[in-house]
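Read the structure below first, then the notes.
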Amino acid sequence: MRRLLQNTNGQILFVSQIVTRHVGSSSTSGDAVHRTQKEPRKPHQQATNTISREDKFGAKYCMGLVEKYDYENYLSTLLLPKELRPSAFALRAFNVEVSRSVGAQVTEPQIAKMRLKFWYDSIDKCFETDASKSYVKDQPVLRELKRTVGSSKLNKLYLRRMVTARERPPNQAFETMRDLEDYADQTCASLLHLLVQLSGVQDMQVDHAASHLGKAQGITMLLRAIPHAGRQQAVSVPLEVLVRHGVSQERILRSDREDKGVEECIFEVASLANTHLKLTRQLLPQMPRLVRKIFLPAVATDGYLERLRRAHFLLTHPSCVKRDSLLPARLFWKTIFNKY
0 MRRLLQNTNG QILFVSQIVT RHVGSSSTSG DAVHRTQKEP RKPHQQATNT ISREDKFGAK
60 YCMGLVEKYD YENYLSTLLL PKELRPSAFA LRAFNVEVSR SVGAQVTEPQ IAKMRLKFWY
120 DSIDKCFETD ASKSYVKDQP VLRELKRTVG SSKLNKLYLR RMVTARERPP NQAFETMRDL
180 EDYADQTCAS LLHLLVQLSG VQDMQVDHAA SHLGKAQGIT MLLRAIPHAG RQQAVSVPLE
240 VLVRHGVSQE RILRSDREDK GVEECIFEVA SLANTHLKLT RQLLPQMPRL VRKIFLPAVA
300 TDGYLERLRR AHFLLTHPSC VKRDSLLPAR LFWKTIFNKY
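See below:
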């Protein structure tokens with residue numbers, strides 16, 4: 000007679016029980032049952048399974064975080080090679096956490112500073128050789144970031160720039176276009192430099208293209224955030240542009256369709272982003288195939304700038320506010336032809 004037995008891993012075992020009337024055969028049946036029993040799991044096997052479960056949870060957590068708060072870059076990261084994807088999601092999840100830390104900076108600036116201080120100090124913790132006794136292993140994003148740092152040679156400076164750039168007060172306006180470019184370079188371009196370092200490519204032209212693309216993406220993101228800005232926040236249009244066209248920040252926030260001054264201001268800032276994007280694409284023939292996939296966020300940046308142009312630079316136009324439904328198809332199309 001066969002009996003079904005379910006072990007701790009959910010596997011089904013068939014255990015044979017031999018029932019006999021002979022006394023001498025009872026020991027034989029006992030040996031048969033003993034041979035079918037599973038040996039107790041060793042301690043190092045239990046630790047290995049625990050670590051693998053933690054790694055899987057951390058990777059899924061980072062993917063979910065990027066998908067929720069940075070959907071366009073989430074789609075671009077999915078098209079990276081499989082071996083780079085977990086590390087790329089860890090870096091983007093870290094960027095999401097840092098940017099979310101300044102969400103309460105308008106009403107509670109001290110809390111925002113404490114959050115940024117936490118992420119800044121955590122960078123050094125991730126670069127330590129032994130972080131088993133620190134809080135890194137308890138935070139999924141930091142745990143994945145430490146694994147990424149341990150497997151790749153990343154520059155700590157870029158991670159720090161991503162944090163220190165967010166220390167800028169939200170009510171402090173950009174004075175010049177150069178200040179706007181510097182902020183975009185410290186946030187978006189730093190992340191692109193880290194992704195290039197993951198690929199192992201070391202080339203001056205690649206770094207040059209990453210810097211231009213980061214500036215284009217950062218300036219575009221600042222423009223997209225203007226319709227969602229509060230009255231206590233400064234708009235992302237530099238003061239020199241506002242003075243040149245005689246436009247106030249209140250008019251930028253109001254975003255009147257008939258206001259030609261506002262249209263000229265947005266056009267000037269968007270043109271700067273488009274200039275950096277064109278410079279990035281001019282370097283396309285010199286980019287390795289792997290780097291072209293890393294630069295796929297250029298597709299979303301170009302799509303928004305084109306929609307903004309068709310809307311006559313009206314930031315509150317429905318086509319500029321809603322999600323681009325054709326972005327997945329355009330990303331896949333660019334991937335097929337090795338372009339960005």
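Residue 171 in numbering that gives the first Met the number 0 sits at position 172 of the sequence shown; the count goes up by one each step and never skips. Ideal placement from N, C-alpha and C gives every residue a C-beta, glycine not left out.
The alpha helix (DSSP H) enclosing residue i, as first and last residue numbers
i	result
T300	P296 to R309
Y182	M176 to A183
L85	A small fix is needed here, since residue 85 is Pro in this sequence, not Leu. Note, P85: alpha helix (DSSP H), R84 to S100.
G260	K259 to Q281
R159	K155 to T163
Y217	This sequence places Gly at residue 217; Tyr is not what is there. M203 to A224 is the span of the alpha helix (DSSP H), which, as asked, contains G217.
Cut-off 7 Å between Cβ atoms - residues of its own chain near residue i, not counting five sequence neighbours on either side
i	result
K152	Q196
E166	L115
H311	E262
W118	E96, V97, S100 and V162
Sequence-distant residues of its chain with Cβ nearer than 8 Å to residue i (five each side left out)
i	result
A297	L212, A215, Q216, L276, T279, R280 and Y339
E239	E174, T175 and M176
T315	P226 and S254
R159	Y119 and I122
Rounded straight-line distance, which links the Cα of residue j to that of residue i
i	j	result
E249	S150	48 Å
S28	V140	Model confidence at S28 stands at a pLDDT of 41, short of 50, so the residue's coordinates are unreliable and nothing is read from them.
K112	F336	44 Å
E107	L289	42 Å
R142	K136	5 Å
L307	I265	9 Å
V65	Y73	6 Å
R329	A299	9 Å
G23	K55	Unreliable positioning characterises G23 in this predicted model, as indicated by a pLDDT of 42, which lies under 50. The coordinate reading is nonetheless provided below. Rounded to the nearest angstrom, the two C-alpha atoms are 51 Å apart.
E71	F294	12 Å
I110	L79	36 Å
C319	S270	16 Å
A164	G102	14 Å
E305	R256	18 Å
Contact belief for residue i with residue j at Cβ below 8 Å, rounded distance in angstroms
i	j	result
L313	S254	6 Å
V261	I251	6 Å
L90	L156	Their Cβ separation, rounded to whole angstroms, is 14 Å, which puts L90 and L156 out of contact at 8 Å.
L191	S235	Contact doesn't hold; Cβ gap of about 20 Å is too wide.
Residue nearest to residue i in terms of C-alpha spacing, selected from the options
i	options	result
D202	C125, Y119, L282 and A328	L282
A58	S189, T147, K259 and C125	T147
Q204	R291, E96, H316 and G102	R291
H207	M286, Q109 and R160	M286
Q171	P327, L271 and P237	P237
Q231	P169, E267 and A188	P169
6 Å Cβ shell around residue i - same chain, five flanking residues per side excluded
i	result
L144	A89, F93 and C125
G302	D323
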